[in-house]
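Letter by letter, the sequence shown follows residues 189 to 406 of the numbering used here.
Taking it in order: structure first as structure tokens, then the write-up.
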Amino acid sequence: MGNQLIAPSILSADFSNLKADIQMVNESEADWFHIDIMDGVFVPNISFGMPVLKSINEHAKKPLDVHLMIVNPEKYIEKFAELGSDILTVHYEVCMNNMHEVINSIKKNGMKAGVAINPDTDINVLDKYIQEIDLVCVMGVFPGFSGQKFIEGTYERCKAVKKLIEKYNSKTLIQVDGGVDINNAKKLIDCGADVLVSGSHVFKASNPKEIISKLKNV
Ligand code: DX5
Ligand code: ZN
Numbered sequence: 189m190g191n192q193l194i195a196p197s198i199l200s201a202d203f204s205n206l207k208a209d210i211q212m213v214n215e216s217e218a219d220w221f222h223i224d225i226m227d228g229v230f231v232p233n234i235s236f237g238m239p240v241l242k243s244i245n246e247h248a249k250k251p252l253d254v255h256l257m258i259v260n261p262e263k264y265i266e267k268f269a270e271l272g273s274d275i276l277t278v279h280y281e282v283c284m285n286n287m288h289e290v291i292n293s294i295k296k297n298g299m300k301a302g303v304a305i306n307p308d309t310d311i312n313v314l315d316k317y318i319q320e321i322d323l324v325c326v327m328g329v330f331p332g333f334s335g336q337k338f339i340e341g342t343y344e345r346c347k348a349v350k351k352l353i354e355k356y357n358s359k360t361l362i363q364v365d366g367g368v369d370i371n372n373a374k375k376l377i378d379c380g381a382d383v384l385v386s387g388s389h390v391f392k393a394s395n396p397k398e399i400i401s402k403l404k405n406v
């Protein structure tokens, strides 16, 4: 078994039978649930919100890794803690002016703090925050939709984040989100990825548990 953590993205689940997909993840070798919250402002799509997260939390037996693709995330930090989030990730692009405050607030509310960066955001912006955060989410696609093609430049970006983490001898995890499948998983891990998010590749498969197992053991 690899050391990498696997976080299936619920965005690709069957929302008419969500409980079955939650149970599938519970029974699988997955480590976390990845939950995408979109507001139609930061990204050109709207996913689902708090009532759905509440329902997921009632059935999920693994940590909830909540990825906020919303503007003004600071307004909702307390609420996401109440709803059972274990890891709360915000985007650098919407928090560049109050990042330290947002990170502190996430931690004060008992959650692990993550920062996500879009494919066209300079990695070096993380230099100021890397020691404070638990996770960096390197986007493998532009956020907004599942099932997009993986951007090849992500490998180099993972390596650059890894270097930054090593520079500070920090324990920050590197997560890759978007376009991850069994064909690029190994290379991503070799480039420093600790957590692999996978949506469509897992849920559109005829045997999702088997795909999760393959990602876990790649
Ligand atoms: C994209 C989301 C991802 C998405 C991944 O904006 O943040 O978590 O669900 O889906 P796939 O693995 O299909 O690219
Ligand atoms: Zn995500």
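Note that the Cβ used here is the ideal one computed from N, Cα and C, for glycine as well.
Between which residues of its own chain and G298 is the CB-CB distance below 8 Å, once the five residues before and five after are set aside? Excluding residues within five positions, the ones whose Cβ falls inside 8 Å are A269.
Between the Cα of N260 and those of H247, H222, L193, Y280, spot the shortest distance and give me the residue it belongs to. Relative to the Cα of N260, the nearest Cα in the group H247, H222, L193, Y280 belongs to Y280.
Which residue or residues does DSSP assign as beta-bridge partners of Q363? According to DSSP, residue pairing for Q363 in a beta bridge involves C325, V383.
Whose C-alpha, out of I258, V368, M238, N205, is nearest the C-alpha of S334? Nearest to S334 by C-alpha distance, out of I258, V368, M238, N205, is V368.
T342 and A304 closer than 8 Å at C-beta: Not closer than 8 Å, so no.
Taking DSSP as the reference, what is the three-state secondary structure of D378? Helix at D378.
Mind listing, in chain order, the residues whose beta carbon lies closer than 5 Å to a non-hydrogen atom of the ligand ZN? Qualifying residues, in the order they occur: D224, H255, D365.
Can you name the residues that DSSP bridges to T277? For T277, which the question treats as bridged, DSSP gives the partners H255, G302.
What is the residue span of the alpha helix (DSSP H) that A208 lies within? First-last of the alpha helix (DSSP H) with A208: 206-215.
What is the DSSP secondary structure of D310, reduced to helix, strand or coil? Of the three classes helix, strand and coil, the one that applies to D310 here is coil, per DSSP.
To the nearest angstrom, how far is the alpha carbon of W220 from that of D274? C-alpha separation (whole angstroms): 9 Å.
Apart from the five residues just before and just after M284, which ones in its own chain have a Cβ nearer than 8 Å to its Cβ? Here the set comprises V313.
Quick check: V385 and V326, are their CB atoms within less than 8 Å of each other? The criterion of a C-beta distance shorter than 8 Å is not satisfied by V385 and V326.
With DSSP as the reference, label L241 as helix, strand or coil. In this structure, L241 counts as helix in the three-state DSSP scheme.
Along the chain, where does the beta strand (DSSP E) containing L193 start, and where does it finish? Element bounds for L193: 193-196.
Using 8 Å for Cβ pairs, my map puts M226 next to L271. What's the rounded Cβ distance? The Cβ separation is near 16 Å, so there is no contact.
The alpha helix (DSSP H) with I400 in it runs from where to where? Boundaries of the alpha helix (DSSP H) around I400: 396-405.
Between N205, E354, I377, K404, which lies nearest to S243 when the distance is taken from Cα to Cα? For the residues N205, E354, I377, K404, the minimum Cα distance to S243 belongs to N205.
For the alpha helix (DSSP H) that M284 lies in, which residues bound it at each end? No alpha helix (DSSP H) holds M284; DSSP gives it neither H nor E.
Is there at least one non-hydrogen atom of the ligand GTP closer than 7 Å to the beta-carbon of M212? The ligand GTP is not among the ligands present in this structure, which contains only the ligand DX5 and the ligand ZN.
So within the stretch 334-362, which uninterrupted alpha helix (DSSP H) runs reach at least 4 residues, ignoring any that extend past its ends? Correct list: 342-355.
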